[in-house]
Amino acid sequence: MQPFFDPRWLRQQIFETIDFYDPQCVDQKNGGFFHCYLDDGTICDRTTKSLVGTARFIYIFSVGTMLGGPARWKTIAKHGLRFLNEVMRDRINGGYYWQAEERQVSDDGKDTYGQAFVLLALATATKAGIAEAQPRIKELAQTINAHLWDDAHQLYVAKKSPNWSWTDPYRGQNPNMHLCEAMIAAYEATGDRDYLETAHTLARTVTVTLAEQTGGLIWEQYDQNWRPDWVRHAEYAGNEFRLYGYVLGHSIEWSKLLTKIYAYTREPWLLDRAKALYHQAWRRAKDDRFGGLIFSITPDGQPLDTYKYYWVMAEGLGASARLAAADPAQQRAYLDNYQWLFNYCWNHLIDHRYGAWYPKLTRSNLRTGYEKSPLNKTDYHPVTNEQEAMHVFEKLGPDAL
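Numbering-wise, our numbering comes out as the position in the sequence shown, counting from 1, plus 577.
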């Protein structure tokens, strides 16, 4: 059996990735974590504190704790939760600020994407046995629903001002996708089915209602009435959270989330849409010449961004594994895709000297810089998707592989 299919090997891969950050990620002076690393683990920014990055650190150390990692990982996750509570949390208006410098808030915007990752972190910490995280799940979910929910369109807006009085006109599917993920995790952590119902609503609205306007794949940008914005706005150029085009990794990521909801509801449309999104995106993204999956295509289906991003590959692994379990008739094809993609990651994206994953390569697999983990990354995508694959292969057993 290939090691890529061995749950024990996958667990070790997760641990080796987390080891890249342990212990140098912990900021003992100002709290929280350091958020930028060079290839060898050298810290390249000692002041900037990212809400997303903080939440993702809490997430990976909580996952490591759940998988039986060293006791200090639970302590590190708690360290991150304290920083969230003491520095990033808005105790007057609710929600969490976007960014700080050391212990001073430098960007007080209420980005939905950031709230989603805090909710995911709180839920995952709860699953890891950190009791103080659980009551904050409900508190944050209530804040999100009170201030960010667009009831007319059954989606969340992208951003509001600190006191919730101003709403950014931009609309995007990306924060809704990650809130869907976070709501699934909140359901798993608490057993409260309301969270699963919210995830279900988001899944249907994005992958059915919105996708019907955009040819079946997931488009990124919308206007205030949730009509597709086909024009590339200059003010969003370079903004990793406001992407243009069909980002193929997001269609694949949605296919993974749909299988997770399907596992709890068994509604056939969820699996049907998961398969359709996966196959459409995989066919357009697969690079038969250089390997891996390209990033995005234009509205008319032409390649747009052909760089190879680590998170797209990681989501491809998780989605392939979950669909192999959910769709037995096509199981071999999904497992072949998984193996092909993991071979690519093993040969090009995983750093076998220092650990963790390179964030981005050119189409022909050349490095684009010397930062291993830029702001916000923390290898959240490899950890979560190797965990997904690990659980799938534990259930399938070696005979199925």
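All C-beta atoms, glycine included, are put in the ideal place defined by N, C-alpha and C.
query	result
Check whether the stretch 822-840 touches the stretch 870-878, counting contact only when three or more Cβ pairs, one atom from each stretch, lie closer than 8 Å.	yes
Whole angstroms is fine: what's the gap from residue 983's alpha carbon to residue 721's?	Given that the chain is displayed from residue 578 to residue 978, the structure contains no residue 983 and the question cannot be resolved.
Compute the beta-carbon to beta-carbon distance between residue 704 and residue 766, rounded to the nearest angstrom, for a pair I have assumed lies under 8 Å.	5 Å
Hey, residue 733 and residue 756 are a contact pair by Cβ (cut 8 Å); roughly how many whole angstroms apart?	6 Å
Where does residue 594 land, buried or exposed, given buried means 16+ other C-beta within 10 angstroms?	buried
Could you give the C-beta distance for residue 684 and residue 676, rounded to a whole number, given that I count them as a contact under 8 Å?	4 Å
Using only CA atoms, which one of 929, 940 and 938 lies nearest to residue 617?	929
Throw me the rounded Cβ distance for the residue 852 and residue 940 pair, which I believe falls under 8 Å.	The Cβ separation is near 27 Å, so there is no contact.
Grab me the residues of residue 942's own chain with a C-beta within less than 8 Å of its C-beta, minus the 5 sequence neighbours each way, in chain order.	867, 868, 869, 885 and 925
May I ask which residues mark the beginning and end of the beta strand (DSSP E) holding residue 880?	880-882
Going by beta-carbon coordinates alone, are residue 654 and residue 707 separated by less than 8 Å?	yes
Out of 587, 590 and 615, point me to the one whose CA is closest to residue 936's CA.	615
Under the assumption that residue 962 contacts residue 892 (Cβ atoms under 8 Å), give the Cβ distance between them as a whole number of angstroms.	6 Å
Reducing DSSP to helix, strand and coil, say where residue 949 ends up.	strand
Residues in the same chain with beta-carbon distance under 8 Å from residue 667, minus the five sequence neighbours each way, listed in chain order, please.	673, 674, 685, 687 and 739
Could you name the residues that DSSP lists as bridge partners for residue 688?	736
Would you call the stretch 830-850 in contact with the stretch 891-905, where contact means no fewer than 3 C-beta pairs closer than 8 Å?	yes
Mind checking which residues open and close the alpha helix (DSSP H) that includes residue 719?	711-724
Terminal residues of the continuous alpha helix (DSSP H) containing residue 963?	957-973
Within 10 angstroms of its Cβ, does residue 816 collect 16 or more other Cβ (buried), or is it exposed?	exposed
Taking DSSP as the reference, what is the three-state secondary structure of residue 744?	strand
Going by the DSSP bridge assignment, what does residue 625 pair with across the sheet?	678
Output needed for residue 699: all residues of its chain with C-beta closer than 6 Å, excluding positions within five of it in sequence on either side, in chain order.	710, 713 and 714
Cβ of residue 958 within 8 Å of Cβ of residue 846?	no
Output needed for residue 933: all residues of its chain with C-beta closer than 7 Å, excluding positions within five of it in sequence on either side, in chain order.	594, 597, 949, 950 and 956
Inspect the beta-carbon positions of residue 960 and residue 669 and report whether they are closer than 8 Å.	no
With a threshold of 7 Å on Cβ separation, who are the neighbours of residue 967 within its own chain once the five nearest residues in sequence on each side are excluded?	584, 587 and 588
Report the rounded CA-to-CA distance for residue 797 versus residue 697, giving the unit in angstroms.	21 Å
Among 762, 947 and 916, which residue has its Cα nearest to the Cα of residue 582?	916
Quick one, are the C-beta atoms of residue 748 and residue 759 less than 8 Å apart?	no
Short of 8 Å in beta carbon distance, which residues of its chain neighbour residue 801, apart from the five on each side in sequence? Order them along the chain.	746 and 748
Residue 805 bridges to which residues according to DSSP?	799
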